[in-house]
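If you're matching positions, the sequence shown starts at 0 in numbering that gives the first Met the number 0 and goes up one per residue.
Beta carbons: idealized from backbone N, C-alpha and C, even for Gly.
Computed from a prediction, not measured in an experiment: that's the story for all the values here.
This report concerns only the one structure given below.
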Amino acid sequence: MLRSGIFRSAGVIYAARSAYQVRTAISSTRVGAMDQICVFGATPRELQQSKEHLKQAGPLTTGGSGSKTTSASDRPSTCTLTFYHDAEDSSDVDSRNITCGSFVPPRYFSTLETSTLGRTLFTAATAASTQAVIQDNISKLPNGVLFVADKQLVGKGRGGNTWESPAGCLMFSTAYRLEISGQRLPFVQYLVTLAVVQAVQAQAYKLLEQYFKLAPPETGISKSVSRRSPLNIKIKWPNDIYAGRLKLGGILCHSSFRNGQFNVIMGVGVNVSNRTPTTCIEELIEKKISELVGEEQEEGAVKNNYSENSRISMEALLAEVMTRLEPMLHQLAVDGFKPFESDYYEAWLHSGQRVSLEEPVEGGIGGDGKQVKTVGVTVRGLSPHGYLMAEDDAGDVYELHPDGNSFDFFKGLVRKKINPNSSGGGY
């Protein structure tokens with residue numbers, strides 16, 4: 000099974016004052032940092048179906064089995080749901096709803112092309128953890144539900160690490176029921192990462208095209224730009240996205256098995272406009288524009304031409320991720336990871352990478368006090384179990400996986416030697 004993990008989750012959200020509102024006060028009990036969730040549907044019919052499903056399922060709670068409780072105020076509490084039917088784009092500043100946040104559902108739904116994934120949308124201005132809400136209520140939620148929030152107070156990462164989300168991040172959690180073998184399940188996180196990278200690249204290419212159509216002719220694209228990868232962003236195994244040596248985003252997944260299906264909760268966090276503490280998509284696009292127009296162009300001129308209309312849309316980016324991810328998950332369940340290997344290896348950092356692997360032996364003391372020797376290995380790809388597959392100079396093959404909560408590519412790897420006669424197993 001996929002390792003338990005909790006992920007970043009929060010985005011940005013909107014609700015129209017003029018929208019037809021059906022308010023269902025499932026409970027008025029306050030939920031600490033978050034007591035309100037706004038619910039939207041891709042169509043009025045789907046919204047009504049979600050409303051009926053949620054009313055029948057019963058109250059949603061936070062702070063339950065998926066969350067740590069430390070005080071009376073952190074004990075499980077009940078959420079209040081408000082259902083919205085948006086007849087028009089609620090993007091005007093005056094129509095923002097303080098409960099639902101700044102995300103604009105009509106903009107998101109206008110480019111979404113899925114049958115299930117992301118078609119029920121939860122939004123909130125503030126959430127303790129969107130992941131916790133989905134994890135604690137997975138059996139009550141419509142399939143494909145997506146939850147984003149402007150601010151996340153107790154976001155969760157690998158190993159139970161918590162953090163508060165900065166403004167400018169697109170962070171979300173989504174849940175999907177998938178009939179898939181346990182051996183293929185670990186590859187879900189790799190497809191989520193790949194879908195995010197591909198969506199970022201596609202949106203960046205559109206903005207670069209738009210910029211150079213609007214810019215003066217002398218600043219037109221004089222160099223070729225790859226449609227598939229205009230930005231230098233790569234996947235760092237197992238679940239991070241990097242721009243050079245700076246982290247741009249991360250993915251973590253959690254799963255449970257029920258009624259012959261896996262409930263997979265996928266969490267994503269990606270820096271869209273927050274330039275600190277590392278970098279963001281908008282900064283990478285601006286740097287690419289500077290590179291393309293040449294050093295003779297002043298930085299200020301680049302920024303002036305890079306208008307607000309050319310900024311990354313969180314709604315369009317999220318819709319593209321969902322649209323790409325849904326068919327990928329279906330194909331993974333049927334055909335395995337093989338159809339995606341070429342695209343994945345093209346997008347990751349590690350093909351042919353040399354790694355220093357610490358192997359227990361008699362004699363020699365490692366930094367942790369254990370007896371070890373260092374073995375140089377070359378990364379060859381992913382093993383059938385979803386771990387890194389590496390080969391030493393003698394031709395022996397190893398499976399490599401993270402040691403503890405963090406993964407240092409040059410230290411802290413746990414080695415598992417592949418048995419050639421073994422049929423394999425899983426997580």
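{"Check": "Could you have a look at Phe261 and say whether DSSP puts it in helix, strand or coil?", "Outcome": "strand"}
{"Check": "Rounded to whole angstroms, what is the Cα-Cα separation between Ser46 and Cys252?", "Outcome": "Correcting the residue type first, residue 46 is Leu in the shown sequence and not Ser. Those two C-alpha atoms are separated by around 26 Å."}
{"Check": "Within 10 angstroms of its Cβ, does Gln35 collect 16 or more other Cβ (buried), or is it exposed?", "Outcome": "buried"}
{"Check": "Three or more C-beta pairs closer than 8 Å, one from the stretch 139-151 and one from the stretch 117-128: is that the case here?", "Outcome": "yes"}
{"Check": "Please classify Lys341 as buried or exposed, where buried requires at least 16 other C-beta atoms within 10 Å of its C-beta.", "Outcome": "Per the sequence presented here, residue 341 reads as Ser, with Lys not at that position. Exposed, since its Cβ has fewer than 16 Cβ neighbours within 10 Å."}
{"Check": "For the structure I just gave you, are there three or more beta carbon pairs, one from the stretch 47-56 and one from the stretch 132-141, closer than 8 Å?", "Outcome": "yes"}
{"Check": "If we ignore side chains and look at the alpha-carbon of each, how far apart do Ser255 and Leu283 end up?", "Outcome": "37 Å"}
{"Check": "Do three or more CB pairs link the stretch 191-202 to the stretch 393-401 at distances below 8 Å?", "Outcome": "no"}
{"Check": "Compute the distance between the beta-carbons of Met327 and Ala194, then report whether it is under 8 Å.", "Outcome": "yes"}
{"Check": "Hey, would you say Asn270 sits closer than 8 Å to Gly243, going by beta carbons?", "Outcome": "no"}
{"Check": "With DSSP as the reference, identify every bridge partner of Gly380, one or two as the case may be.", "Outcome": "Met388"}
{"Check": "Can you grab the Cα-Cα spacing for the pair Leu152 / Leu184, in whole Å?", "Outcome": "30 Å"}
{"Check": "Considering only their Cβ atoms, is the gap separating Thr113 from Glu285 smaller than 8 Å?", "Outcome": "no"}
{"Check": "Alpha carbon to alpha carbon, how far is Lys233 from Leu348? Give it in angstroms, no decimals.", "Outcome": "6 Å"}
{"Check": "Is it the case that the Cβ atoms of Ile250 and Ala174 are separated by a distance below 8 Å?", "Outcome": "no"}
{"Check": "Can you pull the DSSP bridge partners for Thr79?", "Outcome": "Gln35"}
{"Check": "Under a three-way DSSP split, which group does Gln151 fall into?", "Outcome": "strand"}
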